[in-house]
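As structure tokens, the structure follows; a few thoughts come after it.
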């Protein structure tokens, strides 16, 4: 009896030391952890799978941990110089998207938030409405516009998605509205020009929004599979997701290890970006929906 | 007299626009590409749905495309599947993410950020990568899913090759991508509820469940509405998972509208026909959005 009580006491003390207050919290953590394992296991399976030789990847019972780890899959992936090109292309598209999204959305969000002008309500309503549109409706005419502009198989064509990023405008407007107008008035009285006010006062305060939009556009550009699939026909412009998906849909040669190596290479940059900038992700997601 | 008035107001308008020129200058870098790459293509898409159009030439055919859609077996299946997918997955996602958020919220900070991270990472990985991994897990010969069944003493299942299991298997993969964002939103929503409200109902003798029912739920309504609408749209537009895992098969079991649009437009180059499908998507999405707004009583207004 006392032994039992001691054990419970030790358990709850142990839990408290690890920052967990009550038994029900420990239960919650257990449940959530089971869910988290389910969410993360496929990625574990991908990474470990990328180090397995083909025979081990396709064997049962499965190897929970690579028993004969090999770099063969990565060697094969990088033996063709194209993989480097895919990575380069994806980085160009992702960073270009991030820069363009911020450069175009921030001033527009500022105008909607702090300027009174003719048509502002209507123009903003249009922006919000397009956020709810299924993308498919504009996809075909946009493709034809690209043909007309000779932007098929070009970087600028791939960047089109984030040249006008309605969510970016929406987020910047939300954020910049919270900047006191007196601050901007004061700058004006001090003789600051419109552009100076924007760059020296608005942008620094709106830094969380800049970060959030840059991150969203970066990952969005990286994973903009639909548009890239439609727009790219030339080998030199193939991006990492397109190249990697080609491995997966290559039915004549199913090489699980190679597929997983490709998937891992496509995933790691996104994981690093996410881990480094997760606060911006969270801010961006919540700013759009929950004010304050 | 009337003409004179018109001239005066036009001059006034021009004067006003000149006075407000800075606003338009700040707007221009966004609005020019917005018109060119979003507004005009959207309008053209609506118009294109009334044409028979391919790589070369186009011909006005009125509503013929929509009539053809009704007789297109693949499209009918795609519509039904898309509907099943949304109805099957969105309520489940709502319940699971709300429960998860309520469990995560009182936890210490470290655990909060860990779980927020863990549940969001599949979204970062993207549908392409997840589909590739699950394709391996679902493999009938050397996949993990069947291995687990055999350990439990059950018969193997042809996950993606059986008309009964293919769509649920796709939904499961989609589901792992739909939890992260709502959890983050619900956590933020919970953080905005003043703790005094809970103290007040506790004084009145309420237990945890009544507190949840009469404080948490009503105050989370705006967030719930937002999650409901955004997740419905996400589920509604699924196609990458289908493209990589099943290509719509077996026997139309996993066709979705968004995947049909892609096929019609960029595999068969039937641009007008594909646009008609996209218009159907637009109408359905708009209707669902409006119904959901009504059902939730336009809860967004009290934010």
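Residue numbers (this note's numbering), protein chains in the order written: chain X, 1 to 292; chain Z, 293 to 595. The beta carbon of each residue, even a glycine, is placed where N, CA and C say it ideally should be. Since the structure is predicted, the reported quantities are computational estimates derived from the model, not experimental observations.
Please state the DSSP three-state secondary structure of residue 345(Z). If DSSP states are grouped into helix, strand and coil, residue 345(Z) belongs with the strands.
Beta-carbon proximity of residue 244(X) to residue 54(X), cut-off 8 Å: no
Please list, in chain order, the chain X residues whose beta carbon lies closer than 8 Å to that of residue 529(Z). Simply 134, 135, 136.
Residue 311(X) versus chain Z: which residues are under 9 Å apart at the beta carbon? In the structure as shown, chain X begins at 1 and stops at 292. Residue 311(X) is therefore absent and cannot be evaluated.
Which bits of chain X does residue 439(Z) rub up against, with CB to CB less than 9 Å? 60, 61, 62
Could you list which residues in chain Z have their beta carbon closer than 7 Å to that of residue 105(X), in chain order? 322
So with Cβ pairs under 8 Å, would you call residue 428(Z) a contact of chain X? yes
Cβ-based neighbour list, residue 47(X), same chain, cut-off 7 Å, excluding 5 preceding and 5 following: Around residue 47(X), the same chain offers 264 as residues with beta carbons nearer than 7 Å, after the five sequence neighbours per side are excluded.
Which residues does DSSP list as the beta-bridge partners of residue 350(Z)? 345(Z), per the DSSP bridge assignment.
With a 10 Å radius around its C-beta and 16 neighbouring C-beta atoms as the bar for buried, classify residue 447(Z) as buried or exposed. Exposed: under 16 other Cβ atoms inside 10 Å.
Can you check the stretch 28 to 94 of chain X for any alpha helix (DSSP H) of at least 4 residues that lies completely inside it and give the ranges in chain order? Those alpha helix (DSSP H) runs which fall completely within the stretch 28 to 94 of chain X and span 4+ residues are 54 to 57, 72 to 79.
Contacting residues, own chain, Cβ-Cβ under 8 Å from residue 366(Z) (five flanking each side not counted): 540, 544, 547, 552
From residue 382(Z) to residue 409(Z), what distance separates their C-alpha atoms? The alpha-carbon atoms of residue 382(Z) and residue 409(Z) are separated by roughly 21 Å.
Chain-order list of residues whose beta-carbon lies under 6 Å from that of residue 15(X) (same chain, five-residue window excluded): Note that residue 15(X) scores 49 on pLDDT, short of 50, meaning its location in the model is unreliable; the coordinates nonetheless yield the value given after this. Counting only Cβ-Cβ distances below 6 Å, and skipping sequence neighbours, we find 26.
List, in chain order, every chain X residue whose beta-carbon is nearer than 9 Å to that of residue 414(Z). 39, 40, 42, 43
I want to verify the contact list: residues of chain X whose CB lies under 8 Å from the CB of residue 361(Z), in sequence order. Chain X residues near residue 361(Z): none, gap ~14 Å exceeds 8 Å.
So, does the stretch 330 to 347 of chain Z touch the stretch 130 to 150 of chain X, judging by three or more C-beta pairs under 8 Å? Contact between the stretch 330 to 347 of chain Z and the stretch 130 to 150 of chain X is present, because at least three Cβ pairs lie under 8 Å.
Quick one: is residue 301(Z) near chain X, going by C-beta distance under 8 Å? no
Along chain X, in chain order, which residues have C-beta atoms closer than 8 Å to that of residue 316(Z)? The answer, in chain order, is 111, 117.
Mapping DSSP to helix, strand and coil, what is residue 593(Z)? Low confidence applies here, because residue 593(Z) scores a pLDDT of 41, under 50, leaving its location unreliable; read the following figure in that light. Residue 593(Z): helix per DSSP, three-state reduction.
Within the same chain, show all residues whose beta-carbon is closer than 7 Å to that of residue 247(X), passing over the 5 residues directly before and after it, in chain order. 258, 259, 262
Assuming residue 449(Z) is part of the alpha helix (DSSP H), what are its boundary residues? Per DSSP, residue 449(Z) belongs to no alpha helix (DSSP H) and is neither H nor E.
So, is the C-beta of residue 584(Z) closer than 8 Å to a C-beta in chain X? Chain X contact via Cβ: absent.
Output yes if chain X places a C-beta closer than 8 Å to the C-beta of residue 381(Z); else output no. no
The alpha helix (DSSP H) with residue 369(Z) in it runs from where to where? Under the DSSP assignment, residue 369(Z) falls in the alpha helix (DSSP H) whose first and last residues are 365 to 396.
Per-residue contacts from residue 473(Z) into chain X (C-beta, under 7 Å): 285
Do residue 127(X) and residue 170(X) have their C-beta atoms within less than 8 Å of each other? Yes, the Cβ-Cβ distance between residue 127(X) and residue 170(X) is below 8 Å.
Using 8 Å as the limit for Cβ to Cβ distance, is residue 54(X) near chain Z? Cβ-Cβ to chain Z under 8 Å: no for residue 54(X).
For residue 280(X) and residue 107(X), what's the separation of their Cα atoms in angstroms? The C-alpha of residue 107(X) is placed about 20 Å away from the C-alpha of residue 280(X).
7 Å Cβ shell around residue 34(X) - same chain, five flanking residues per side excluded: none
Quick check on residue 541(Z) - is its C-beta less than 8 Å from some C-beta in chain X? no
Delimiting residues of the alpha helix (DSSP H) encompassing residue 136(X): Residues 136 to 149.
Hey, residue 436(Z) and residue 62(X) are a contact pair by Cβ (cut 8 Å); roughly how many whole angstroms apart? 6 Å
Does the beta-carbon distance from residue 249(X) to residue 536(Z) come in below 8 Å? yes
Residue-chain proximity (residue 312(Z), chain X), Cβ-Cβ < 8 Å: Output row for residue 312(Z): interface = yes.
Out of 416(Z), 327(Z), 399(Z), 565(Z), state which residue places its alpha-carbon closest to the alpha-carbon of residue 266(X). 416(Z)
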